[in-house]
Structures are given as structure tokens and as C-alpha cells.
Amino acid sequence: MSTYVMSDIHGNYRAYKAMLEKINFNREDMLYILGDILDRGPNPIRIILDLMERFNVEVIAGNHCVMACECLAFLTKEITSESIAEIDEEMIQKLLSWQQNGGISTTDEFHKCSREMQREIVDFISDFELYDEIEVNGQKFVLVHAGLGNFMPNKELWKYELNDLIWERPDYEKCYYSDKFVITGHTPTMLIENNSRPGYIYKKNNHIAIDCGCGFRGGRLGCLRLEDMEEFYVDSEE
585 MSTYVMSDIH GNYRAYKAML EKINFNREDM LYILGDILDR GPNPIRIILD
635 LMERFNVEVI AGNHCVMACE CLAFLTKEIT SESIAEIDEE MIQKLLSWQQ
685 NGGISTTDEF HKCSREMQRE IVDFISDFEL YDEIEVNGQK FVLVHAGLGN
735 FMPNKELWKY ELNDLIWERP DYEKCYYSDK FVITGHTPTM LIENNSRPGY
785 IYKKNNHIAI DCGCGFRGGR LGCLRLEDME EFYVDSEE
């Protein structure tokens, strides 16, 4: 059995499937995906449908997952006078912001699904956890999409606000925990200051950043095996 972590697939179904093949992912393994499987790329819903069939994959919610869940739940509502009345300025802004941040590919594919499947997809995304803590070969890991905003060493993870976990970027110059690693996505590693390996998995001060820019031109999907820290990569545009 092997334990893998990846993040920020952003609708690139081809890269996702190619990575599963590269790591020879099987029923004995466990995969953690640290959010943002949706938006930008051409087949986000296809990834969701694949994940819905897998018992050995856990998805952590990312900011794109939360945006999509809120908006898709609204879009699946039956059109009535009551639902129309619910279209306020806040909902309109959420829909616009999501579309401007890559949500068009998700809505396009979502609308091709049956109403029943649409509801199942929304329910599936709604069940994503905001974080997890795991231990592999005696080493502890904190898994979260973005970071730990308003960090305090003795603060329990359940006390962090939603924004702290899905939007706030970590301070890579600071070691949060001496006895465990914090693994995050959200921040493409080519944007991390003073990173000597932009676009590849970044490790410093017990931080591990694994968003290697799959959602952007020239990026790649990164995957880390926790038992031996071996890194795997698939180019986003092969």
C-alpha cells in the first residue's frame, strides 16, 4: 500500500488519468487530493464522476470547490417565484466571480448531466472535508488546500475559519510545526519567492507545496508518495 497526495488538477482529466497510470494507483493505495479539481480545464465534471466511483480517494475542499458547490447548488434549484426572489446581489456576485475564475468549463459540463446526476455531484462536493491529519510510517502530516491563516501553534485545526483553510497562503519562511509537515496546494510553486525549482514540488521549513501549476499553460500535475517522498510529474499539455 502507498499513500499519495496531489492537488489543483483544475479540470485536466487527461493529466489526472495519466498520473494514476504513472503511479500505478490500485485498490490497495490511498490518494488525497488537496482541492481544486474543478474549473479552468476542459473536463472537471469528468474528474468528479471518476472520483465518485473510488473508495480510496479523499478530496479536501479548495476555494474553487467551495465556489462551485455554492453556485451549482443554486443552479440546480427549480425555477419558482421563491427561487427567483433568492437571486440577490450577493448571489449574483458569487456567480460572476466564479465564472471569471474559470467556472465556465465546470458549468458547461455540468449542464450536460441529468438533473439527478447534478444533485449527486453537488452532494459529493458538499461532503469534502476542509482538512485532514494523517500519519504515514510514523510521520505526521497536516493536509489542507491553502494554508493555515491566523496560525497559532497550539490552535486545533477545527478552530480555523473557512477562509484560513481555503484562501490564505502559508508563510514558507516559518516552520509551523516541528513534528509534522503541512502539505498544501493553492499556491503554484512557480510563484513561491526564491524557489529554486519553480513548477515542481517545494519543500521548506516542514512545508510541502504540491500545486505545480496544472491549471496553467506550461505547468504540470505533481504527486507525492509519502512513504518515501518520491515525486511524480505529468505535464499539463502533453
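Residue 585 is where the sequence shown starts when you use the numbering used here, and the numbers rise one by one after that. By construction, the Cβ of each residue, glycine as well, lies at the ideal position given by its N, Cα and C atoms.
Rounded separation between residue i and residue j - CA only
i	j	result
T691	F735	35 Å
V706	D755	32 Å
E752	S762	21 Å
Q683	H791	31 Å
E713	R611	21 Å
M614	E666	43 Å
G595	E673	28 Å
Y715	N789	20 Å
E605	G783	21 Å
N- and C-terminal bounds of the alpha helix (DSSP H) containing residue i
i	result
Q677	E673 to W682
M651	N647 to L659
Y597	Y597 to K606
I709	R699 to S710
I718	Taken as a continuous stretch (DSSP letters only), I718 belongs to no alpha helix (DSSP H), being part of the beta strand (DSSP E) at Y715 to V720.
L746	L746 to I750
Span of the beta strand (DSSP E) around residue i
i	result
L805	R804 to R809
T587	T587 to M590
E693	No beta strand (DSSP E) contains E693, which is instead part of the alpha helix (DSSP H) from I688 to F694.
Proximity of residue i and residue j at Cβ, strictly below 8 Å
i	j	result
G619	G731	no
G806	E815	yes
S689	P628	yes
M774	G797	yes
A652	D623	yes
Cβ distance (whole Å) where residue i is taken to contact residue j below 8 Å
i	j	result
I794	I750	Actually they do not touch by this definition, with Cβ atoms about 16 Å apart.
L810	V643	About 17 Å separates the two Cβ atoms, so there is no contact after all.
R804	D819	5 Å
Burial state of residue i (16 or more Cβ within 10 Å)
i	result
D592	buried
I621	buried
P772	buried
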